[in-house]
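Novice: So in our numbering, the last spot in the sequence shown is 339, and the numbers never skip.
Beta carbons: idealized from backbone N, C-alpha and C, even for Gly.
Keep in mind the model is a prediction, meaning the values are calculated, not measured.
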Amino acid sequence: MARPLVKLALGLPLVVPVAAAPWLLGCGWRQGGACHAMPRETSVVEVATTTGVQLDCAALCGEDSCSALDETHVRCYRIETQCQAVGRPKMGATIAHLRADAPPNVAWALEAAVGEASSVVAFDELRRALLHHGAPPALCAAAHRARLDEVNHARAMTALAATWSGHSERVFVEVERAVLPTLEELAWRNVVEGCVVETFAAKEAALQAKRAPDRTLRAVMAPLAAEEADHAALAADIDAWLEPRLSHAARREKDARRAQAIATLRTELAAREVPPDLGLLLSDEADAALRAWGFGPDDAPTAG
Ligand SMILES: [Fe+2]
Ligand SMILES: [Fe+2]
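1. In angstroms with no decimal places, state the Cα-to-Cα distance between GLU220 and ALA147.
2. Give the straight-line distance between the Cα atoms of ALA152 and MET192, rounded to the nearest whole angstrom.
3. In whole angstroms, what separates the C-alpha of GLU115 from that of PHE330?
4. Contact defined as beta carbons within less than 8 Å: I believe ALA296 pairs with GLU263. What is the distance between those atoms, to the nearest angstrom?
5. Can you check DSSP and say which residues form a bridge with ARG280?
6. What span of residues does the alpha helix (DSSP H) with HIS188 cover, start to end?
7. Please name the residue, chosen from ARG307, SER203 and HIS188, that lies closest to GLY150 on a Cα-to-Cα basis.
8. Per the DSSP calculation, VAL156 is bridged to which residue(s)?
9. Decide if HIS202 is buried, meaning its Cβ has at least 16 other Cβ atoms within 10 Å, or exposed.
10. Would you mind giving the Cβ-Cβ distance between ARG280 and LEU218, rounded to the nearest angstrom? I have them listed as a contact below 8 Å.
11. Which class does ARG287 belong to by DSSP, given the choice of helix, strand or coil?
12. Hey, how far is the Cα of ALA157 from the Cα of ARG286?
13. For GLU320, count neighbouring C-beta atoms within 10 Å of its own C-beta (all shown protein chains included) and say buried if the count is 16 or more, exposed if not.
14. Using only the alpha-carbon positions, how far apart do CYS175 and LYS245 sit?
15. Report the three-state DSSP secondary structure of PHE330 (helix, strand or coil).
16. Assign VAL309 to one of three DSSP states: helix, strand, or coil.
17. Return the chain-ordered list of same chain residues with a C-beta closer than 6 Å to the C-beta of ALA261, the five sequence neighbours on each side being excluded.
18. Cβ of HIS179 within 6 Å of any heavy atom in ligand 2?
19. Could you pull out every residue in the same chain whose Cβ sits closer than 7 Å to the Cβ of ALA164, ignoring the five residues on either side in sequence?
20. Rounded to a whole number of angstroms, what is the C-alpha to C-alpha distance between ALA194 and ALA257?
21. Is any heavy atom in ligand 1 found nearer than 6 Å to the beta carbon of SER154?
22. Return the residue from the list SER154, ALA240, ALA305 and ALA270 that minimises the CA-CA distance to ALA173.
23. Apply the 10 Å Cβ neighbour rule to ALA306 and answer buried if 16 or more other Cβ atoms are within range, or exposed otherwise.
24. Using 10 angstroms around the beta-carbon of LEU315, count the other beta-carbons present and answer buried if the total reaches 16, otherwise exposed.
25. What do you reckon, is the C-beta of HIS283 under 6 Å from a heavy atom of ligand 2?
26. Starting from the C-beta of HIS140, find all residues in its chain whose C-beta is less than 6 Å away, skip the five residues before and the five after it, and write them out in chain order.
27. Taking C-alpha atoms, which residue in ALA197, LEU304, CYS230 and HIS179 lies nearest to LEU252?
28. Taking the CB atoms as reference points, tell me whether ARG292 and VAL232 lie closer together than 7 Å.
29. State yes or no: is the C-beta of HIS167 nearer than 6 Å to some heavy atom of ligand 2?
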């Protein structure tokens, strides 16, 4: 798919359309008009271990997203990312990745890479929303740092997949750009995406860094888990900043959404089947782990 390229000096290429180039600007960038003017603008993030020939996915897959795996293979794909990402999920993302014949560990790493690439967009939008609502500069700066972390996470997980598969891998993420949220919407999304989903992901990443049998995986997950913990802390800080700015009804709605997100997480974990050798939380461990990690029924609703 032909598109203008913008490359970051980060080793592996991060490819985005020029329309999304404002992502690359610093925290001081304040702009909401483009988002309002094109609320359904599509942005594309691609992370690859190598550059190479790319087939015309759109022509082959129609409205479905797709990934050009090499000169002769394309995979059309559409999934939702919630609870699949290692980083903050981009709700409602449309995603393309994976190949049908990937072994389970490679498929997991590619799926994680997709989640991480999606998180790049999520933090870009979070920073924009924080700026729009006049958040303290420290929160905005932290969101910008988190966005850069997620670029590295996407690269690391893609590289891990390539190490395991023995050849180059790539992931392809396509998301719809969101309109700026209201203050209430920002609080509700932050509590679900940050205080629940990403906080859980940080805990599970730390678990993998500790107990995964594969030394390479442990080495990848250790710094990633530490940075995800920073992102979880950012979510808690944002929640604390927003809390006194919400109406009583909005606070109650936030607490309800947090409870629902935890219930959804618990249900998904109970049914989840994961490769046994990745150090991930197993379904029969999930309930105890959720309680230990602050997601029990008796935990304070805004604990983050
Ligand atoms: Fe991440
Ligand atoms: Fe993250």
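Specialist: In short:
1. 26 Å
2. 10 Å
3. Reliability of the predicted coordinates at GLU115 is poor, the pLDDT of 32 falling under 50, and the value obtained from them is presented with this limitation in mind. Straight-line Cα distance between these residues: approximately 23 Å.
4. Not confirmed; about 17 Å, so no contact.
5. Under DSSP, ARG280 forms no beta bridge with any residue.
6. In the DSSP assignment, HIS188 falls within the alpha helix (DSSP H) that extends over 172 to 200.
7. HIS188
8. DSSP, once it has assigned bridges, lists no residue as partnering VAL156.
9. The residue in question, HIS202, is exposed, as its Cβ has fewer than 16 Cβ neighbours within 10 Å.
10. 6 Å
11. helix
12. 23 Å
13. exposed
14. 31 Å
15. coil
16. VAL309: coil per DSSP, three-state reduction.
17. Contacts found: none.
18. no
19. Non-local C-beta neighbours of ALA164 in its own chain, meaning closer than 7 Å and more than five positions away in sequence, comprise LEU215, PRO216 and LEU221, ordered along the chain.
20. 15 Å
21. yes
22. ALA270
23. exposed
24. Buried, since its Cβ has 16 or more Cβ neighbours within 10 Å.
25. Distances taken from the Cβ of HIS283 to the heavy atoms of ligand 2 include none shorter than 6 Å.
26. According to the sequence provided, residue 140 is Asn. The question's His does not apply to it. Same-chain partners within the cutoff: TRP199 and PRO310.
27. The residue with the shortest Cα to Cα distance from LEU252 is ALA197.
28. No, these two residues do not count as a Cβ contact at 7 Å.
29. Flag unset: Cβ of HIS167 not near ligand 2.
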